[in-house]
Amino acid sequence: MSKRFYVTTAIDYVNGQPHLGHAYEKIIADVIARTRRSLGQEVFFLTGLDEHGQKVQQAAVAEAKTPQAYCDDLAVIWKAFAAKLDLTNDDFVRTTEPRHKQVVQAILSKLHAEGHFYKEVYRGFYSTREETFLTHKDRRPDGTFDPAWGQVIELDEENYYFRLKDHQQWLIDYIEQNPSFVAPAYRRNEVLGFLKNNVLEDLCISRPAARLNWGIPLPFDPNFVTYVWFDALSNYITIPAAQGDPGVPKALCPQPTTLNPPLALWPADIHLVGKDILKFHAVYWPIMLKAMGAPLPKQVLAHGWWQKDGQRMSKSTGNVVDPVAVIDEWGVDAFRFYVLRELDIGPDGNWTEASFKARYSAELANGLGNLVNRSLSMLKRYRNGVVPQRSDELKTTTEEIILPTLESLRINELQAALQWIWQLVGRANQYVDHTAPFKLAKDTAKAERLDEVLYNLAEVCRILAVLLWPFLPGTATRINAQLGLPGSPDKFSQARWGGLPAGHTIGTPAPLFPRKER
Ligand code: MSP
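Our numbering applies: residue 36 is where the sequence shown begins, and numbers increase by one.
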């Protein structure tokens with residue numbers, strides 16, 4: 036039994052509609068998952084929904100629904116969204132599912148029994164909107180709280196606390212000794228800076244059920260439910276644990292696995308998250324896991340945030356990008372391409388319609404689309420679609436691109452991989468211009484030369500489909516079909532020059548990215 040490559044995304048808050056930021060993260064995870072599968076690894080890709088907490092409870096009340104009915108209705112939309120993005124997630128976790136709740140309770144019981152929690156009264160200022168206690172640092176110079184916090188009330192509350200600060204030095208040492216645990220490197224430095232310059236506060240892991248009952252009850256005290264972040268972070272391990280993963284401590288697995296061989300996922304290879312929730316994943320989560328006695332994930336990979344037209348996206352100002360509308364108009368691959376090509380994993384990005392259209396037109400329609408369409412159309416027209424004898428004229432050029440593309444993909448440099456792939460698109464388009472097959476076709480004495488050119492172009496198209504598969508799966512499959520090849524080009528081992536056999540008849544060429552006159 037071999038461990039699968041296990042990649043996760045943040046689980047989105049169920050209240051509200053999916054937007055560009057959610058889509059971006061899930062697409063990155065999907066490209067990583069597809070890449071690993073194409074490299075021949077077994078993969079498990081998990082995404083899902085964060086469904087407990089005060090905001091959900093309030094939103095449900097506002098719609099006169101039970102919180103569960105409210106979540107069930109929205110989960111349909113979010114699952115459809117995952118399909119719309121062409122995600123290949125192997126599972127979809129909802130934190131209201133029994134399989135998740137059962138393991139969260141097992142975690143809480145174990146940690147409680149081992150003395151990681153204590154109960155204490157806390158008196159402080161509480162933001163009802165943000166469901167959080169505020170500290171003196173949150174006060175403005177005049178002593179008031181920013182209206183963004185909504186109503187701020189004084190609250191006296193008994194709760195359970197997790198002894199986080201006991202593990203502070205251990206975590207600093209761990210991150211220093213495991214430099215790839217948090218990526219990119221500047222995010223790791225941020226986490227280390229935070230840990231070295233602040234004394235960690237113990238983490239409040241409960242909410243009184245009298246104030247909030249939409250949560251997982253603490254198994255050792257029914258007057259409390261679990262703090263939503265403790266609940267949500269646990270999803271990464273509850274799903275493996277629910278299946279009896281051999282990498283998860285036995286005390287957390289509700290029953291031994293019935294799968295043969297067992298599904299070995301834990302520890303996760305990559306937790307992909309936005310920069311805003313890095314502290315939860317790089318500070319709280321590793322300490323929680325250490326307390327559980329579970330191995331730590333290999334990496335927390337933090338991506339940046341999208342703005343639109345240089346401003347924070349916000350529903351109230353209408354400044355949002357609706358991924359579904361963009362996909363309906365331009366196709367899912369155009370959307371996937373833009374977000375991955377425009378923004379590397381790490382920095383912040385800015386969506387503008389002009390730059391989306393410019394990339395669509397230059398790189399997709401005139402770049403890739405034009406190359407594939409003219410290459411295959413000429414093969415159809417001049418050779419009746421029959422692949423000529425193998426020729427190796429573009430072999431070296433292509434191999435010089437395949438290598439760094441795969442290297443970039445192995446280290447999750449997705450933007451760099453796309454840049455390499457488009458170098459091949461550019462060179463092949465230049466090759467068409469230089470060799471001018473449309474002229475060669477007019478001279479029967481040049482038939483052999485035309486054969487060479489047509490072979491090289493068709494073979495580049497085939498290899499491009501293989502390299503593009505993780506990014507643009509629909510387009511890659513269409514290129515394959517137009518080449519008359521069965522199935523999907525979903526194994527990088529197919530990216531070897533000479534795979535297209537002489538005598539093979541291709542399918543029907545058709546534009547991949549229709550030009551839009553707008
Ligand atoms: N529910 C928590 C995560 C719990 S994970 C155990 C949450 N949900 S969220 O819906 O607010 O955000 C989900 C993910 O989307 C986060 O990783 C967040 O960074 C990402 N994004 C939300 N808005 C974004 C942008 N504008 N740009 C890029 N990603 C952003 O946090």
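We treat Cβ as the ideally placed atom computed from N, Cα and C, and that holds for glycine. Since the model is a prediction, treat every value here as computed from it, not as a measurement.
Residues that DSSP places opposite residue i in a beta bridge
i: TYR48; result: ASP85
i: PRO252; result: VAL260
i: ASP126; result: LEU81
i: SER343; result: The residue asked about is misnamed: residue 343 is Lys in this sequence, not Ser. Paired residue(s): GLN346 and TRP386.
i: CYS496; result: Partner(s): none; CYS496 has no beta bridge.
i: ILE305; result: VAL42
i: CYS106; result: Note: CYS106 sits in no beta bridge, so no partner.
i: ARG242; result: VAL260
i: LEU336; result: ALA218 and LEU307
i: THR6; result: This structure cannot settle anything about residue 6, because the visible part of the chain is limited to 36 through 553.
Distance CB(residue i)-CB(residue j) smaller than 9 Å
i: THR510; j: SER523; result: no
i: LEU74; j: LEU143; result: no
i: HIS135; j: SER269; result: yes
i: LEU547; j: LEU403; result: yes
i: PRO508; j: ARG39; result: no
i: GLN92; j: TRP264; result: no
i: ARG550; j: ALA400; result: yes
i: LEU190; j: TYR161; result: yes
i: TYR373; j: ARG347; result: no
i: PHE79; j: ALA64; result: no
i: ALA148; j: PRO289; result: no
i: GLY345; j: ASN405; result: no
i: ASP266; j: HIS87; result: yes
i: GLY519; j: LYS430; result: no
i: ALA424; j: ASP478; result: First, the residue type needs correcting, since residue 424 is Gln and not Ala in the sequence shown. Not a contact, by the Cβ cut-off of 9 Å.
i: THR130; j: LEU199; result: no
i: ILE436; j: LEU502; result: yes
i: TYR490; j: ALA537; result: yes
i: LEU444; j: CYS496; result: no
i: ALA94; j: TYR105; result: yes
i: VAL128; j: ILE322; result: no
Closest Cα partner of residue i within the set the options
i: GLY328; options: LEU190, GLY461 and TRP320; result: TRP320
i: MET413; options: GLY534, THR543 and LYS526; result: THR543
i: GLY339; options: LEU313, ALA545, VAL355 and VAL361; result: LEU313
i: ALA245; options: LYS474, GLN89 and ALA500; result: GLN89
i: ARG72; options: PHE527, LYS350 and PRO296; result: PHE527
i: GLN204; options: LEU227, ALA183 and VAL421; result: LEU227
i: ASP237; options: PHE255, TYR271 and HIS202; result: HIS202
i: VAL308; options: LEU294, ALA218, ALA360 and LYS100; result: ALA218
i: PRO521; options: ILE541, ALA537, PRO505 and ARG531; result: ILE541
i: ASN50; options: ASP173, ASP266, VAL96 and ILE67; result: VAL96
i: GLU578; options: LYS477, ASN515, VAL156 and LEU235; result: The structure shown does not extend to residue 578, since the chain is modelled only from 36 to 553, so the question has no answer here.
i: LEU122; options: PHE506, TRP532, GLY534 and GLY519; result: PHE506
i: ALA115; options: ASN447, PRO358, ASN419 and ARG445; result: PRO358
i: ALA286; options: VAL139, ASN385 and THR167; result: VAL139
i: GLU166; options: PRO182, GLN454, VAL187 and GLY178; result: VAL187
i: HIS316; options: PRO297, PRO330 and LEU336; result: LEU336
i: THR163; options: GLY178, ARG242 and ASP363; result: ARG242
i: GLN137; options: GLU442, GLN278 and ARG484; result: GLN278
i: LEU375; options: GLU364, GLU442 and PHE391; result: PHE391
i: LYS154; options: ARG371, PHE259, GLY461 and THR292; result: PHE259
i: ARG223; options: GLU211, ASN233, VAL111 and ASP107; result: GLU211
i: ASN194; options: THR179, ASP181 and PHE168; result: PHE168
i: LEU120; options: VAL361, PRO275, VAL421 and ALA545; result: VAL361
i: PHE216; options: ARG416, PRO281, PRO439 and PRO302; result: PRO302
i: TYR209; options: ALA276, PRO102, PRO176 and LYS325; result: LYS325
i: ALA545; options: TRP113, ASP525 and GLN517; result: GLN517
i: ILE62; options: GLU388, GLU428 and ARG371; result: ARG371
i: ILE240; options: ALA389, GLN465 and PHE255; result: PHE255
i: LEU535; options: ASP427, LEU459 and LEU441; result: ASP427
Expected contact under 8 Å - CB spacing of residue i and residue j to nearest Å
i: HIS54; j: VAL355; result: 6 Å
i: GLU488; j: LEU475; result: Contrary to the premise, residue 488 reads as Val rather than Glu in this sequence. VAL488 to LEU475, Cβ: 7 Å. Contact.
i: LEU449; j: ILE498; result: LEU449 to ILE498, Cβ: 18 Å. No contact.
i: GLN334; j: ASP304; result: 7 Å
i: ILE67; j: ASN447; result: 6 Å
i: TRP457; j: GLU398; result: 6 Å
i: CYS271; j: THR43; result: The sequence given here has Tyr at residue 271, not Cys. The Cβ separation is near 5 Å, so the contact holds.
- Along the chain, which unbroken stretches of the alpha helix (DSSP H) at least 4 residues long are found entirely within the segment 142-229? The segment 142-229 is shown to contain whole alpha helix (DSSP H) runs of 4 or more residues at 203-212, in chain order.
- Can you list the alpha helix (DSSP H) stretches of 4 or more residues lying completely in the segment 352-429, in chain order? Runs of the alpha helix (DSSP H) inside the segment 352-429: 358-365, 367-377, 388-394 and 405-418.
- What are the uninterrupted segments assigned as beta strand (DSSP E) that are 3 or more residues long and contained completely in the segment 449-488, given in chain order? Taking only runs of at least 3 residues, no beta strand (DSSP E) segment lies wholly in the segment 449-488.
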